[in-house]
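2 protein chains.
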Amino acid sequence: MKHDSGFDLPQGTLDLLILKVVAHGPIHGYAIAQRIRQMSRNALEVQQGSLYPALHRLEYKKYLNADWKLTETGREARFYRLTSRGKAHLESETASWERLTEIVGLILQGSPGEA
Amino acid sequence: MKHDSGFDLPQGTLDLLILKVVAHGPIHGYAIAQRIRQMSRNALEVQQGSLYPALHRLEYKKYLNADWKLTETGREARFYRLTSRGKAHLESETASWERLTEIVGLILQGSPGEA
DNA sequence: CGCCTATATGTAGAAGAATAAGGTATGAAG
DNA sequence: CTTCATACCTTATTCTTCTACATATAGGCG
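Residue numbers (our numbering), protein chains in the order written: chain A, 1 to 115; chain B, 116 to 230.
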């Protein structure tokens, strides 16, 4: 099944979104993808082949840690939590993102003669 | 020499910036990089190893075309112009970028219970 | 003249991440 | 008992970016 809103995430953005979602409290991978889809009003569809490698990456880098627990529906799932390292990283990456969008916005609106 | 503002561009963003800069009128590669650096107040340093492949890519995709001319300082340089295809692409990519930043912004500001 | 810097173009190799496409397993619903 | 949604995972491919290197010319300076 293809996603309706042909819309690719630029490389690097996914980690930021995941960290932010996890920052709200312990949550498992599948639910992270659902949450991102919801919050973007179906505009962003996180593929599983992007999601799980990203989670492993973030865990390896000590931004997240995880353990197996039962979901409310009685299934095994891996619940992720933000580490303090992860929290710091989230904050700095958020700042970078905001700075980047500011700069890109500047250029996209810029007139020819702009300094 | 390293650039001071360690700051990687998300994939796809460079093409957008290049197209936008070229949209202002014929310009050669080296000047594009300078322009982006200026307009970002030295925050964005486009590496040559990113710039030229990007230009070739955009030319191959018919978003740009180019020919050799003399610069004001009397040097051979490849001046790029936006094609009509490129103009259309720039517009749709700009819209995508704005939509993306909107959505990411939504998620980054979102409270835990957000729909 | 020789040297350095800025201009101007390019390539090669490696790294990194997203995608496409597959696989495993369970609970609930029909 | 079959199908669907949940929930995890991997592999191969593709694309873009970065680092680093390579080439060449114009202008300034000693």
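Yeah, the Cβ is synthetic: ideal placement off N, Cα and C, and Gly gets one too. Bear in mind that the values here come from a model prediction, so they are computed numbers and not experimental data.
Residue i vs residue j beta-carbon contact at 8 Å
i        : j        : result
Ser40/A  : Ile222/B : yes
Val137/B : Tyr175/B : no
Ile133/B : Leu185/B : no
Ala169/B : Leu131/B : no
Leu82/A  : Leu90/A  : yes
Gln126/B : Pro10/A  : yes
Ile218/B : Leu44/A  : yes
Ala148/B : Val161/B : yes
Residue i at chain B interface by Cβ criterion, 8 Å
i        : result
Gly86/A  : no
Lys61/A  : no
Ala95/A  : no
Pro53/A  : no
Gly49/A  : no
Ile107/A : yes
Lys69/A  : no
Pro26/A  : no
Val104/A : yes
Ala33/A  : no
Ile36/A  : yes
Gly74/A  : no
Leu14/A  : no
Leu58/A  : no
Ala43/A  : yes
Pro10/A  : yes
Endpoints, beta strand (DSSP E) assigned at residue i
i       : result
Leu82/A : 76 to 82
Own chain, CB closer than 7 Å to residue i, minus 5 neighbours either side, in chain order
i        : result
Tyr167/B : Gly144
Glu191/B : Trp183, Leu185
Trp97/A  : Leu16
Element boundaries [alpha helix (DSSP H), containing residue i]
i        : result
Leu55/A  : 48 to 60
Leu134/B : 128 to 138
Cutoff 8 Å: residue i Cβ touching any chain A Cβ
i        : result
Ser155/B : yes
His118/B : Any reading at His118/B is ruled out, since the residue's pLDDT is 39, under 50, leaving its predicted position unreliable.
Gly225/B : yes
Thr216/B : yes
Leu132/B : yes
Phe122/B : yes
Residues that DSSP places opposite residue i in a beta bridge
i        : result
Asn157/B : Looking at the DSSP assignment, Asn157/B forms no beta bridge with any residue, so it has no partner.
Leu70/A  : Glu76/A
His28/A  : Phe79/A
Leu179/B : Leu197/B
Same chain, Cβ closer than 6 Å to residue i, neighbours up to 5 away in sequence not counted
i        : result
Lys117/B : Annotation note: pLDDT 36 at Lys117/B (below 50); position unreliable, coordinate value reported separately. Excluding positions up to five away in sequence, the list is empty.
Gly6/A   : Here Gly6/A scores only 49 on pLDDT, less than 50, and its place in the model is too uncertain to base an answer on.
Glu93/A  : Leu16
Gly25/A  : none
Own chain, CB closer than 8 Å to residue i, minus 5 neighbours either side, in chain order
i        : result
Asn180/B : Glu174, Tyr195, Arg196, Thr198
Lys177/B : Thr198, Arg200, Gly201
Cβ-heavy atom distance, residue i to the ligand SAH, below 7 Å
i       : result
Trp68/A : Questions concerning the ligand SAH fall outside what the structure shown contains, since it holds no ligand whatsoever.
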